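A.B. asks:
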Amino acid sequence: MESSFSSSSRSPFKGDILKGQVAVLTGGGSGIGYGIAEELGKHGASISIMGRRKHVVDSAVSILTSLGIPAIGIVGDVRKKDDVVKVLDATIEHFGKLDILVNAAAGNFLVPAEDLSPNGFRTVIDIDAVGTFTVCHEALKYLKKGGPGRDPSKGGLIINISATLHYTATWYQIHVSAAKAAVDSITRSLALEWGTDYDIRVNGIAPGPIGDTAGASKLAPEEIESSIPSDPLFKLGEKWDIAMAALYLACDAGKYINGTTLVLDGGLWLSNPRP
Ligand code: HXC
Numbered sequence: 001m002e003s004s005f006s007s008s009s010r011s012p013f014k015g016d017i018l019k020g021q022v023a024v025l026t027g028g029g030s031g032i033g034y035g036i037a038e039e040l041g042k043h044g045a046s047i048s049i050m051g052r053r054k055h056v057v058d059s060a061v062s063i064l065t066s067l068g069i070p071a072i073g074i075v076g077d078v079r080k081k082d083d084v085v086k087v088l089d090a091t092i093e094h095f096g097k098l099d100i101l102v103n104a105a106a107g108n109f110l111v112p113a114e115d116l117s118p119n120g121f122r123t124v125i126d127i128d129a130v131g132t133f134t135v136c137h138e139a140l141k142y143l144k145k146g147g148p149g150r151d152p153s154k155g156g157l158i159i160n161i162s163a164t165l166h167y168t169a170t171w172y173q174i175h176v177s178a179a180k181a182a183v184d185s186i187t188r189s190l191a192l193e194w195g196t197d198y199d200i201r202v203n204g205i206a207p208g209p210i211g212d213t214a215g216a217s218k219l220a221p222e223e224i225e226s227s228i229p230s231d232p233l234f235k236l237g238e239k240w241d242i243a244m245a246a247l248y249l250a251c252d253a254g255k256y257i258n259g260t261t262l263v264l265d266g267g268l269w270l271s272n273p274r275p
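As structure tokens, this is what we get:
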């Protein structure tokens, strides 16, 4: 895998804004998850990546390490609680604490609702929604104020990667739309409960079409090349755009943001294009 960014000089943020912080990213070996991992690392964070494919995780860790970013990778599936526990325990063992959790693991495919089996529907719900909840739930003891290695009065941050599919309705995406609606609801509920009780901020990011990702190539290969670009609001985003939003949420500039999901799509969802 190639590095997503040619240089850290593109970032408007100071290079040490996350100095000393530790981040876990599910789905952090590729795509948007990796893009966020790299920028968090370039701004001072140590990185722990969870992913299902060993070669992808290993490759990501190798690139991060070559950039001088302290990084580990653990193979696991967010649908398996034991895997989640393993990743979090390894992170604490290696880096001593956890400050930032990014839930970027996701599954997707295009299918008309009438052709989607209940198990296909459940599979995506399990990865995106139940997986997000499971990782949040298991990470709570590390993220809450007074958790291991933490300031007694300061909790950590959760960022859930969502989508805009469910703001209206999206063709052939009933499973992901339902899953991401659940993710947004999880974001709000945890922001309320854990923000109040544990000083943990919980926010989401809803990307639009982002270039050089599995989502773009799986979901809209033809549209991206043909019909959607004719929409006046269509702009293909970069992983960098999403990573900058994650940095904003993670640094002190975002300290008053809790329970919201930032949409980063150039306004595209407003036009609800038909494939
Ligand atoms: C119809 C399908 C299908 C397809 C799988 N299924 N692919 N149904 N069309 N193309 C059904 C299967 O038939 C099965 O149901 C059930 O789903 C489980 O399939 P498995 O292959 O056993 O599951 P698994 O191996 O766990 O794979 C999970 C996956 C896969 C989600 C199906 O695509 C995957 O692993 N994806 C991970 C990577 C990924 O998709 N990344 C992109 C995320 S992009 P039956 O009934 O037959 O048992 C993203 C962006 C969202 O999330 C927003 C975009 C704007």
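Numbering (UniProt numbering), first residue to last: 1 to 275. Every residue, glycine too, gets a C-beta built ideally from N, C-alpha and C. Source: prediction; values computed, not measured.
#1: Beta-carbon within less than 8 Å of A97's beta-carbon, same chain only, minus the 5 sequence neighbours each way: which residues are those?
#2: For S153, report the span of its beta strand (DSSP E) as first-last.
#3: Taking DSSP's pairing of strands, which residues face T65 in a bridge?
#4: Which whole-angstrom value describes the C-beta separation of M50 and V85, a residue pair presumed to lie in contact below a C-beta threshold of 8 Å?
#5: Mind checking whether the beta-carbon of F109 lies closer than 7 Å to any heavy atom of ligand 1?
#6: Can you list, in chain order, the residues of its chain whose CB lies under 8 Å from that of D16, leaving out five sequence neighbours each side?
#7: Taking 7 Å as the limit between beta carbons, can you name the residues of its chain near P112, skipping five residues before and five after?
#8: Jot down the residue ranges of each uninterrupted alpha helix (DSSP H) in the region 108-182, minimum 4 residues, whole runs only, in chain order.
#9: Considering only C-alpha positions, which residue in the set L270, S162, N258 is nearest to G33?
#10: Return yes when the Cβ of V57 is within less than 8 Å of the Cβ of G31, no when it is not.
#11: In its own chain, which residues sit with a C-beta less than 8 Å from the C-beta of S3, not counting the 5 before and 5 after it?
#12: Let's test the definition: count the other Cβ atoms within 10 Å of the Cβ of R201 and tell me whether it reaches 16, buried, or not, exposed.
#13: With L264 as the anchor, note down where its beta strand (DSSP E) starts and where it stops.
#14: So I159 packs on L249, CB below 8 Å; how close in whole Å?
#15: What I want to know is whether the C-beta of L98 ends up closer than 7 Å to one or more non-hydrogen atoms of ligand 1.
#16: With the cut-off set at 8 Å, would you say H55 and I72 are in Cβ contact?
#17: Below 8 Å on the Cβ atoms is my contact criterion, and I expect L157 with I74 to pass it. Report the Cβ-Cβ distance as a whole number of Å.
#18: For a test of your reading of the model: does the CB of I186 fall under 7 Å from any non-hydrogen atom of ligand 1? Yes or no.
#19: Going along the chain, which residues of its own chain have a beta-carbon closer than 8 Å to the beta-carbon of S7, five neighbours each way excluded?
#20: Could you tell me whether the Cβ atoms of L264 and A243 are closer together than 8 Å?
#21: If you draw a straight line from the alpha carbon of G215 to that of P207, how long is it in whole angstroms?
#22: In three-state DSSP terms, what is G35?
#23: Could you check if A178 belongs to the surroundings of ligand 1, using beta carbon to heavy atom distance under 7 Å?
#24: How long is the line joining the alpha carbons of L192 and I92, rounded to whole angstroms?
#25: May I ask whether a heavy atom of ligand 1 can be found less than 7 Å away from the beta carbon of D115?
#26: Have a look at T164 and W269 and give me their C-alpha separation to the nearest angstrom.
C.D. replies: In this structure, then:
#1: In the sequence under discussion, the amino acid at residue 97 is Lys, which differs from the Ala named in the question. So the list reads V22, Y142, G147, P148, G149, R150, once near-sequence residues are dropped.
#2: No beta strand (DSSP E) holds S153; DSSP gives it neither H nor E.
#3: T65 is not bridged to any residue.
#4: The pair is not a contact, with the Cβ atoms about 11 Å apart (cut-off 8 Å).
#5: yes
#6: H43, G44
#7: Y172
#8: 118-124, 131-143
#9: S162
#10: no
#11: Model confidence at S3 stands at a pLDDT of 42, short of 50, so the residue's coordinates are unreliable; what they give is reported in the following sentence. Contacts found: E38, I63, L67.
#12: buried
#13: 261-264
#14: 6 Å
#15: no
#16: no
#17: Contact doesn't hold; Cβ gap of about 20 Å is too wide.
#18: no
#19: Confidence is the limiting factor: at S7 the pLDDT is only 38, short of 50, which leaves the residue's position unreliable, though a coordinate-based value still follows. Contacts found: none.
#20: no
#21: 10 Å
#22: helix
#23: no
#24: 26 Å
#25: yes
#26: 6 Å
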